[in-house]
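Peer 1: Pasting a structure below so you can have a look.
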Amino acid sequence: MVLVNTGRPFQDSPFFYIDVGNSPLSTVNYQLSCITLARHNMKITEHIKNATGTLLSYEILPPLKGKDIGSIYNHLDPLMEFKPSWINVTYHRTEAVFKKRTDGSIEKSKIRKRPGTVGICAALKTHYAVDTTPHIICGGFSKNDTEDALIDLNFLGIDNILALRGDAAKSEGIFIPEPNGHRYALDLVKQVANLNKGIYLENDDITDGIATDFCIGVAGYPEMHFEATSMQSDLSFLKAKVDAGADYIMTQMFFDNQKFFDFVKSCRELGINVPIIPGLKPLTRKKQLSILPKIFNVEIPKDLADAINQTENDLDAEKVGTEWLIQQSKELQAFGVPVLHYYTLGKPQTIKNVVREIF
Ligand SMILES: Cc1cc2nc3c(=O)[nH]c(=O)nc-3n(C[C@H](O)[C@H](O)[C@H](O)COP(=O)(O)OP(=O)(O)OC[C@H]3O[C@@H](n4cnc5c(N)ncnc54)[C@H](O)[C@@H]3O)c2cc1C
């Protein structure tokens, strides 16, 4: 008899026994690895369907180039005891950098400061036996690059993705698609949905291509995307992404739950029926009161801003932000959200302080 920790939501109880009789050790190991695989080879929609309560997920950034995977494990280790159902890993496009040559002329090159999204996803899957969701973006990718990336993910057994347009390159200010790349996340969703039907870009040459089985997530903005001309148009493009094959929506951060509740209501009225996962971030510094609204088009509620403004240092600001996020999370849980998704962004201890109050 072997005691197995299944984690959630594979079984109601976190532990169960399997009878291995006199089986050789290799057979036992095989059975155990099948069980582990069953737990961390699920689509996000399956996690949600099988859940008996609110699920937990995290989002991390790849480390800066030059750091090793250990920095990611150090970041996640304190958070894994709460059994996240999956971990998202963001994707960062290349940025133009300008260097002065010895002859005085300027050399332009492109570097990716945070490479490794796909490698990290594969490593986390093995290291923690947890599902991972790489973000894939349009920026810097031609359609062929995207197809190759999707084939890599498929071979790695990673079948959850979050399909995004991506931020504009810092040097460009506005989003410029790659030659033969996608302008909107909608077109990326269509490409992935096509691959899920076995339709490749050179479809005439590939007549019996395998159909992938990606579970596709897209971004949603409770307070509207900063480039959208109106909430109504933003929602209609969101609906187009869902109609094209998106299986769930993950939202931009917000600090006022009412904005999220209104957003969910508007989505449902428009006939958007997929799960909507709130993305949550703690406020930890006074500076963020002015930065976050500008960058992410989010409003900071007056009560929160006042409380943070009254603090004397970042440590106290973080305490206020943590308490706010705990209350926000509890209210969202009571509302019945399927998942609480936390942007950990270099603040594992803060997230731990929040998560241990909920899970
Ligand atoms: C949960 C989450 C995770 C993120 N992760 C990353 C990441 O890892 N890497 C990264 O670079 N960025 C990331 N972002 C940021 C995201 O890439 C930016 O917000 C980007 O500006 C928009 O991406 P999108 O997928 O929402 O774009 P889209 O859905 O393409 O929308 C972009 C804008 O165009 C409008 N629009 C959409 N379709 C059309 C159309 N057909 N015609 C006209 N207008 C249209 C929309 O209303 C919106 O204003 C993330 C955002 C969220 C919410």
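At position 239 of the sequence shown (counting the first as 1) the number is 333 in my numbering, and the numbers step up by one without a gap.
Think of the CB as a built atom: it goes at the ideal place given N, C-alpha and C, for glycine as much as any other residue.
1. Helix, strand or coil: which one does DSSP assign to residue 192?
2. From the DSSP secondary-structure annotation, give me the bridge partner or partners of residue 153.
3. Please state if the CB of residue 317 and the CB of residue 84 are separated by a distance shorter than 8 Å.
4. Sort 446, 428 and 336 by Cα distance to residue 148 and report the nearest one.
5. So what's residue 375 in DSSP terms, helix, strand or just coil?
6. Is there at least one non-hydrogen atom of ligand 1 closer than 7 Å to the beta-carbon of residue 205?
7. For the alpha helix (DSSP H) containing residue 443, name the first residue and the last one.
8. Thinking residue 181 and residue 226 are a contact (beta carbons under 8 Å), I'd like their distance in whole angstroms, please.
9. Does any heavy atom of ligand 1 sit closer than 7 Å to the C-beta of residue 368?
10. Look at the alpha carbon of residue 323 and the alpha carbon of residue 315, and state the distance between them as a whole number of angstroms.
11. With which residues is residue 314 paired in a DSSP beta bridge?
12. With a cut-off of 8 Å on the beta carbons, I'd call residue 205 and residue 228 a contact; round off their distance for me.
13. Counting C-beta neighbours from all protein chains within 10 Å, is the total for residue 121 16 or more, i.e. buried, or is it exposed?
14. So what's residue 137 in DSSP terms, helix, strand or just coil?
15. Could you check what DSSP says for residue 256 in three-state terms: helix, strand or coil?
16. Quick check on residue 172: does DSSP put it in helix, strand or coil?
17. Measuring from the CB of residue 208, is there a heavy atom of ligand 1 at a distance below 7 Å?
18. If you drop the 5 nearest sequence neighbours on each side, which residues of the same chain put their C-beta closer than 6 Å to that of residue 163?
19. For residue 420, which three-state DSSP category applies?
20. So, for residue 128: in the same chain, excluding its five sequence neighbours on each side, which residues have a beta-carbon less than 6 Å away from its beta-carbon?
21. Can you tell me the Cα-Cα spacing of residue 305 and residue 245, whole angstroms?
22. If you check the beta carbons only, do residue 375 and residue 347 fall under 8 Å apart?
23. Tell me where the alpha helix (DSSP H) around residue 221 begins and ends.
24. I believe residue 282 touches residue 220 by the beta-carbon criterion, under 8 Å. Please report the beta-carbon distance rounded to the nearest angstrom.
25. With 16 other CB atoms within 10 Å as the buried threshold, where does residue 101 fall?
26. Using the rule of at least 16 other Cβ atoms within 10 Å of the residue's Cβ for burial, across every protein chain shown, is residue 330 buried or exposed?
27. Say yes only if the C-beta of residue 134 is nearer than 7 Å to one or more non-hydrogen atoms of ligand 3, and no if none qualify.
Peer 2: Looking at the atomic coordinates:
1. Per DSSP, reduced to three states, the secondary structure at residue 192 is strand.
2. The bridge partners DSSP lists for residue 153 are 182 and 437.
3. No information on residue 84 is available, as it lies outside the stretch 95 to 453 that the chain covers here.
4. Of the candidates 446, 428 and 336, 428 places its Cα closest to the Cα of residue 148.
5. If DSSP states are grouped into helix, strand and coil, residue 375 belongs with coil.
6. No, since every heavy atom of ligand 1 falls outside the 7 Å radius drawn around the Cβ of residue 205.
7. 442-449 is the span of the alpha helix (DSSP H), which, as asked, contains residue 443.
8. Their Cβ separation, rounded to whole angstroms, is 5 Å, which keeps residue 181 and residue 226 in contact under 8 Å.
9. Residue 368: no, Cβ never under 7 Å from ligand 1.
10. Answer to the nearest angstrom: the Cα atoms are 13 Å apart.
11. According to the DSSP secondary-structure assignment, residue 314 is paired through a beta bridge with 345.
12. Going by Cβ atoms, the distance from residue 205 to residue 228 rounds to 20 Å, so no, they are not a contact pair.
13. Confidence at residue 121 is low in this model, with a pLDDT of 48, below 50, so its placement is unreliable and the value that follows should be read with caution. Taking all protein chains shown into account, residue 121 has fewer than 16 neighbouring C-beta atoms within 10 Å of its C-beta and is therefore exposed.
14. In the structure shown, residue 137 sits in coil (DSSP, three-state: anything other than H, G, I, E or B).
15. Reduced to three states, the DSSP call for residue 256 is strand.
16. Secondary structure of residue 172 (DSSP, three-state): helix.
17. No, Cβ of residue 208 sits at least 7 Å from all heavy atoms of ligand 1.
18. Cβ within range, chain order: 217.
19. Three-state result, residue 420: helix.
20. Annotation note: pLDDT 47 at residue 128 (below 50); position unreliable, no value reported.
21. In a straight line, the C-alpha of residue 305 is about 10 Å away from that of residue 245.
22. Taking 8 Å as the Cβ cut-off, residue 375 and residue 347 qualify as a contacting pair.
23. Run containing residue 221: 211-222, per the alpha helix (DSSP H) assignment.
24. Not a contact, Cβ separation roughly 27 Å.
25. Below a pLDDT of 50, predicted positions are generally treated as unreliable, and residue 101, at 40, falls in that range; the measurement from the model is reported next regardless. It counts as buried.
26. So residue 330 counts as exposed.
27. Absent from the structure shown: ligand 3. Ligands present: ligand 1.
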